[in-house]
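What follows is a set of notes on a single structure, which appears directly below.
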Amino acid sequence: MRGDEPFCGAHTLNHDGSRHGPERTPKEPVSSGSWGPPHSSELADGSLHIFSPTVGDIREVSCLTAFLARLLHCSPSDIPVVPDGFGRPVFAEPPPGIGWPPGARLCLGIAADPARQLLAVTRDLPVALSVHTVPHGPVGQLLLPFTELERRHVQDAPVGHRARRLAQLWTRKEASLRLTGPGGLAIADEIDALSEARDGKVVIPASLAHPGGIAYVRDLPAGPQTVACAATAAPAPEVRIWRPDCLDAPAGTAPAG
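Position one of the sequence shown corresponds to residue 4 (our numbering), numbered consecutively onward.
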């Protein structure tokens, strides 16, 4: 797991035997459902909307704009995407025809792992994602970019749950770094994603390698062998997990079943 890479169901995270332990982030309201045409206006409601596309590579601009076009019922050419310094799409201009106010931005967060890819969409709220498969085997060699408190928290868990705790903390660090600027592993061991993150807040200290800042993290449902986290510039009032079955079908086809 690396924090300097441009891109590095419904089981809730933190089911490692300590459901009320200090690693939990606050529970904003969460809802889920299947995406369909009536929901297109809801992307402007201020919630954090999470999709898990299963067709194509959402990191490719052509795939991303095609997916967004199906969300917004417009043409992919109507959605200009703006990248960050790593080339990652960070926001898009919504087309005038969908009724958003002038100047509103469709903020984007993308993360991919061999087991899962995720797309976060919000209105005017910068967002970043991290998703990772839980590693196998001993975690001792993976503890370097963690604080002493975080290392103790991982090592205090039963052996079979340590890898998940470690991966969970890492996604918080990585999502926070992606949100607040470049820096990667250079300052990962200075970021406490455990103590203050009980309130959803992760503080990124300013350094020569990173401008610093504050991120608000949220663990996301990702499956039994995958962990994921979203970081936003302010707390999201609600997290909405969507099953975009009809959107994953190629244009002009209907989903099976």
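No residue lacks a Cβ here, since even glycine has one placed at the ideal position from N, Cα and C. Computed from a predicted structure; not experimentally measured.
Thinking just about the alpha-carbon of each residue, which of the options is nearest to the one in residue i?
i	options	result
Val220	Pro129, Gly36, Gly88	Pro129
Leu235	Gly88, Ser44, Val124	Reading off the sequence, residue 235 comes out as Thr, not Leu. The shortest Cα separation from Thr235 among Gly88, Ser44, Val124 belongs to Val124.
Ile101	Ile113, Phe94, Leu46	Leu46
Ala225	Gly163, Leu122, Leu147, Val205	Leu122
Gln120	Arg62, Gly163, Val205, Gly49	Arg62
Measuring straight from C-alpha to C-alpha, what distance separates residue i and residue j?
i	j	result
Arg27	Thr68	Unreliable positioning characterises Arg27 in this predicted model, as indicated by a pLDDT of 48, which lies under 50. The coordinate reading is nonetheless provided below. So the alpha carbons of these two residues sit roughly 34 Å apart.
Leu75	Pro117	27 Å
Gly90	Ile217	22 Å
Gly106	Ser55	27 Å
Ala43	Pro240	According to the sequence as given, residue 43 is Ser; it is not Ala. Each residue's Cα considered, the two are about 18 Å apart.
Arg167	Pro227	9 Å
Gly215	Leu111	20 Å
Pro161	Ser133	24 Å
Val142	Glu153	13 Å
Cys11	Ala114	Confidence in Cys11 is poor, its pLDDT being 29 and thus under 50, which makes the residue's placement too unreliable to answer from.
Ser3	His52	Past the edges of the chain, shown from 4 to 260, lies residue 3, and the structure says nothing about it.
Pro79	Gly140	43 Å
Ile207	Leu180	7 Å
Counting only the same chain and skipping the five closest in sequence on each side, list residues whose C-beta sits under 6 Å from that of residue i.
i	result
Cys77	Pro98
Arg246	Ser37
Glu96	Pro83
Ala189	Ala212
Ala209	Gly215
Beta-carbon within less than 7 Å of residue i's beta-carbon, same chain only, minus the 5 sequence neighbours each way: which residues are those?
i	result
Pro29	Because the pLDDT of Pro29 is 47, which lies under 50, any placement of that residue in the model is unreliable, and the question is left without a value.
Trp103	Ala47, Pro97
Gly59	Cys66
Thr150	Asp192, Asp195
Within 8 Å of any Cβ in chain B, is that where the Cβ of residue i sits?
i	result
Phe149	Among the protein chains of the structure shown there is no chain B, as only one such chain exists.
To which residues of the same chain is residue i closer than 8 Å at the C-beta, ignoring the five residues directly before and after it?
i	result
Pro138	Met4, Leu145, Ala166, Leu169, Ala170
Asp127	Ala107, Arg108, Cys110
Gly49	Thr125, Arg126, Leu128, Ala239, Pro240, Glu241
Q. Fully enclosed by the region 208 to 234, which alpha helix (DSSP H) runs are 4 residues long or longer?
A. none
Q.
Which complete alpha helix (DSSP H) runs does the region 111 to 159 hold, if anything under 4 residues is left out?
A. 151 to 158
**Q.** Segment contact flag, the region 227 to 246 with the region 174 to 181, C-beta cutoff 8 Å, min 3 pairs
**A.** yes
Q. What are the uninterrupted segments assigned as alpha helix (DSSP H) that are 4 or more residues long and contained completely in the region 61 to 111, given in chain order?
A. 64 to 75
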